[in-house]
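> So for the sequence shown, the numbering used here puts the first residue at 5; every next one is plus one. Pasting in a structure now, in structure tokens, and then I'll have a few things to ask.
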Amino acid sequence: MTEIFKNIPEIKFEGKNSENPLAFKYYDADRVIMGKKMSEHLPFAMAWWHNLCAGGTDMFGRDTADKSFGAEKGTMEHAKAKVDAGFEFMKKLGIKYFCFHDVDLVPEADDIKETNRRLDEISDYILEKMQGTDIKCLWGTANMFGNPRFMNGAGSTNSVDVYAFAAAQVKKALDLTVKLGGRGYVFWGGREGYETLLNTDVKFEQENIARLMHMAVDYGRSIGFKGDFYIEPKPKEPMKHQYDFDAATAIGFLKQYGLDKDFKLNIEANHATLAGHTFQHDLRISAINGMLGSIDANQGDTLLGWDTDEFPFNVYEATLCMYEVLKNGGLTGGFNFDSKNRRPSYTMEDMFYAYILGMDTFALGLIKAAEMIEDGRIDKFVEEKYASWNSELGQKIRNKETTLEELFHYAEKLGAPELPGSGRQELLEGVMNNILFK
Ligand code: XUL
Ligand code: CO
């Protein structure tokens with residue numbers, strides 16, 4: 005096998021004083037944090053589409069990066085070259101998982117039978133490459149947004165034939181996920197939404213999406229898929245209104261349609277911020293509902309209103325993310341870098357610099373989040389903030405043993421309550437800085 009990334013060695017941990025651009029400064033796979041190795045806390049995954057397919061094309065210009073890997077694009081040789089490149093890339097970085105859409109793996113043919121034949125061929129090849137390594141699939145998904153047939157949605161389409169095609173793609177993508185040892189299966193509803201209510205039956209569309217998801221669960225379980233299904237919430241882009249707007253909306257949907265036992269959420273940082281939340285907010289909402297499953301690790305740009313999918317370098321965000329993940333007892337999924345190089349970062353070295361940045365950022369986040377928890381000042385403050393609920397009255401309310409009238413009389417007797425106590429935001433932010441920079 006000829007080496008593709010010729011000038012890139014295996015990336016090793018060298019520590020924070022290293023100035024070697026091709027070394028980890030913080031990600032030390034075997035370092036134990038709160039009883040677990042970093043590599044177990046952080047099951048990183050490579051996103052097939054950004055890393056091996058995307059060349060930097062945007063609305064105004066074509067590819068800047070050459071992702072041909074020595075083969076002619078649009079051919080099965082190229083599909084195989086991507087597998088070779090992907091495995092070399094993951095091995096050199098010590099990444100144990102990958103995520104894929106069906107059409108990331110092979111060029112889509114006009115006829116679904118031929119596309120599926122190509123998928124069988126490439127997945128055999130991937131299985132071969134997996135042998136002798138501990139690399140596996142984190143999650144698979146079907147691309148039900150790129151092909152023009154999905155212009156009005158997939159599960160939410162007005163066309164019953166298009167719906168059947170979406171179902172066929174989900175079936176095949178589930179087959180592939182199981183074949184490649186996938187931990188999860190993702191639904192990202194990029195076209196599941198609408199532009200105007202003048203032409204849309206929202207209730208019917210949502211019911212149809214739920215029906216598709218139920219069929220996916222039934223089929224997945226019938227072929228031995230034991231992992232989690234995930235919804236990946238996103239408020240907009242490409243659609244103006246997307247049905248899985250944010251974590252809370254997706255959880256409501258899953259509960260309403262009886263899907264909450266089989267589904268969890270895959271939270272993407274840049275989707276949460278597009279919904280007007282912090283990344284941490286959507287993680288917390290998922291976690292308190294027992295639905296924090298997996299993470300698409302990236303970051304957006306607050307100066308831009310779209311999904312820029314940047315590699316994460318914001319250590320505050322990563323720390324608050326890892327704080328939620330540690331409190332959640334980890335993830336059933338992992339950390340998929342749904343992130344892409346900036347268009348002018350077009351060289352092969354840049355692909356590695358990007359992953360080193362992302363992995364180091366999350367390693368730092370993990371180290372600092374563990375320190376925040378072990379430090380205890382923040383948890384102690386939160387506990388004390390709600391201390392009045394330990395009183396007799398607080399207990400009664402929590403046990404649902406009070407009535408509105410009883411509280412009315414209590415309030416009348418009291419005359420006026422004292423102020424509820426300072427929220428101490430600035431103090432706590434100072435504590436976080438203190439821990440981050442000590
Ligand atoms: C799009 C996005 C997708 C999903 C998988 O914003 O995040 O790449 O992660 O379809
Ligand atoms: Co994503």
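Backbone N, C-alpha and C define an ideal beta-carbon position, used for all residues, glycine too.
For residue 311, tell me which candidate among 74, 41, 194 has the shortest Cα-Cα distance.
Sequence index remark: in the sequence shown, residue 311 carries index 307 (1-based). Out of 74, 41, 194, 194 has the C-alpha closest to the C-alpha of residue 311.
> What is the DSSP secondary structure of residue 298, counted as helix, strand or coil?
Reading the sequence shown from its first residue, position 294 is the one you call residue 298. Looking at residue 298 - three-state DSSP - the assignment turns out to be strand.
> Report yes if the C-beta distance between residue 178 and residue 220 is below 8 Å; otherwise report no.
In the sequence shown, counting from the first residue as 1, residue 178 sits at position 174. In the sequence shown, counting from the first residue as 1, residue 220 sits at position 216. In this structure, residue 220 lies closer than 8 Å to residue 178 by Cβ.
> Measuring straight from C-alpha to C-alpha, what distance separates residue 247 and residue 225?
The residue given as residue 247 occupies position 243 in the sequence shown. The residue given as residue 225 occupies position 221 in the sequence shown. Taking the straight line joining both Cα atoms gives about 25 Å.
> Let me know the secondary structure DSSP gives residue 405 once reduced to three states.
Translated into the one-based positions of the sequence shown, residue 405 becomes position 401. The answer is coil: DSSP assigns residue 405 none of H, G, I, E or B.
> Using the Cα positions of residue 353 and residue 374, report the straight-line distance between them to the nearest angstrom.
The count along the sequence shown starts at 1 and reaches residue 353 at position 349. The count along the sequence shown starts at 1 and reaches residue 374 at position 370. For residue 353 and residue 374, the distance between alpha carbons rounds to 31 Å.
> Give the residues whose C-beta lies closer than 5 Å to at least one heavy atom of the ligand CO, in chain order.
Chain-ordered list of matching residues: 272, 300, 342.
> Taking all protein chains shown into account, do 16 or more other C-beta atoms lie within 10 angstroms of the C-beta of residue 13, making it buried, or fewer, making it exposed?
Start at 1 with the first residue of the sequence shown, and residue 13 comes out as number 9. Under this definition residue 13 is an exposed residue.
> Unbroken beta strand (DSSP E) runs of length 3 or more, entirely within the region 58-128: which are they?
If we require 3 residues or more, the beta strand (DSSP E) runs fully inside the region 58-128 come out as 101-105.
> Are there any heavy atoms of the ligand XUL lying less than 7 Å away from the beta-carbon of residue 364, as far as the coordinates show?
If you number the sequence shown from 1, residue 364 lands on position 360. No, the beta carbon of residue 364 sits no closer than 7 Å to any heavy atom of the ligand XUL.
> Answer yes or no: the CB of residue 196 versus the heavy atoms of the ligand XUL, is any distance below 7 Å?
As a position in the sequence shown, residue 196 is number 192, starting the count at 1. Not so, every heavy atom of the ligand XUL lies at least 7 Å from the Cβ.
> Excluding five sequence neighbours on each side, which residues of the same chain lie with their C-beta closer than 6 Å to the C-beta of residue 58?
Within the sequence shown, numbered from 1, the residue matching residue 58 stands at position 54. Hits under 6 Å: 344.
> Which partner residues of residue 246 appear in the DSSP bridge assignment?
Translated into the one-based positions of the sequence shown, residue 246 becomes position 242. Per DSSP, 197.
> Taking the CB atoms as reference points, tell me whether residue 190 and residue 145 lie closer together than 8 Å.
For the purposes of this step, residue 190 is taken as residue 186 along the sequence shown, with counting starting at 1. For the purposes of this step, residue 145 is taken as residue 141 along the sequence shown, with counting starting at 1. In contact: residue 190 and residue 145 (Cβ atoms closer than 8 Å).
> Is DSSP giving residue 312 helix, strand or coil here?
For the purposes of this step, residue 312 is taken as the residue at position 308 of the sequence shown. DSSP places residue 312 in coil when its eight states are reduced to three.
> Per DSSP, which residues does residue 36 bridge with? Please list them.
Residue numbering aside, residue 36 sits at position 32 when the sequence shown is read from its first letter. According to DSSP, residue 36 bridges with 41.
> Can you tell me where the alpha helix (DSSP H) with residue 253 in it begins and where it stops?
Against the sequence shown, residue 253 aligns to sequence position 249. Its alpha helix (DSSP H) spans residues 251-260.
> Anyone know if the C-beta pair for residue 160 and residue 209 falls short of 8 Å?
Start at 1 with the first residue of the sequence shown, and residue 160 comes out as number 156. Start at 1 with the first residue of the sequence shown, and residue 209 comes out as number 205. The answer is yes: Cβ separation under 8 Å.
> Is there at least one non-hydrogen atom of the ligand XUL closer than 7 Å to the beta-carbon of residue 192?
Translated into the one-based positions of the sequence shown, residue 192 becomes position 188. Because some heavy atom of the ligand XUL lies under 7 Å away, the Cβ of residue 192 counts as near it: yes.
> Check whether the Cβ atoms of residue 37 and residue 370 lie closer than 8 Å to each other.
If you number the sequence shown from 1, residue 37 lands on position 33. If you number the sequence shown from 1, residue 370 lands on position 366. Yes, they are a contact pair.
> How about residue 311: is its Cβ closer than 7 Å to a heavy atom in the ligand XUL?
As a position in the sequence shown, residue 311 is number 307, starting the count at 1. Yes; taking the cut-off as 7 Å, the Cβ of residue 311 has a heavy atom of the ligand XUL nearer than that.
> Just reading off the beta strand (DSSP E) that residue 188 is part of, what are its end residues?
For the purposes of this step, residue 188 is taken as residue 184 along the sequence shown, with counting starting at 1. Run containing residue 188: 188-191, per the beta strand (DSSP E) assignment.
> Could you tell me which residues DSSP pairs with residue 16 in its beta bridges?
Taking the sequence shown and counting its residues from 1, one reaches residue 16 at position 12. DSSP, once it has assigned bridges, lists 27 as partnering residue 16.
> Shorter than 8 Å from the beta carbon of residue 198 to some beta carbon of chain C?
Judged by its chain identifiers, the structure shown contains no chain C, having just a single protein chain.
> Who pairs with residue 224 in a beta bridge, going by DSSP?
Locating residue 224 in the sequence shown gives position 220, counting from the first residue. Paired residues: none, contrary to the question.
> If you draw a straight line from the alpha carbon of residue 385 to that of residue 399, how long is it in whole angstroms?
Numbered from its first residue, the sequence shown carries residue 385 at position 381. Numbered from its first residue, the sequence shown carries residue 399 at position 395. When rounded, the distance between both Cα atoms is 20 Å.
> When the Cα atoms are used, what is the spatial distance from residue 279 to residue 326?
The sequence position of residue 279 within the sequence shown is 275, counting from 1. The sequence position of residue 326 within the sequence shown is 322, counting from 1. Whole-angstrom Cα-Cα distance: 20 Å.
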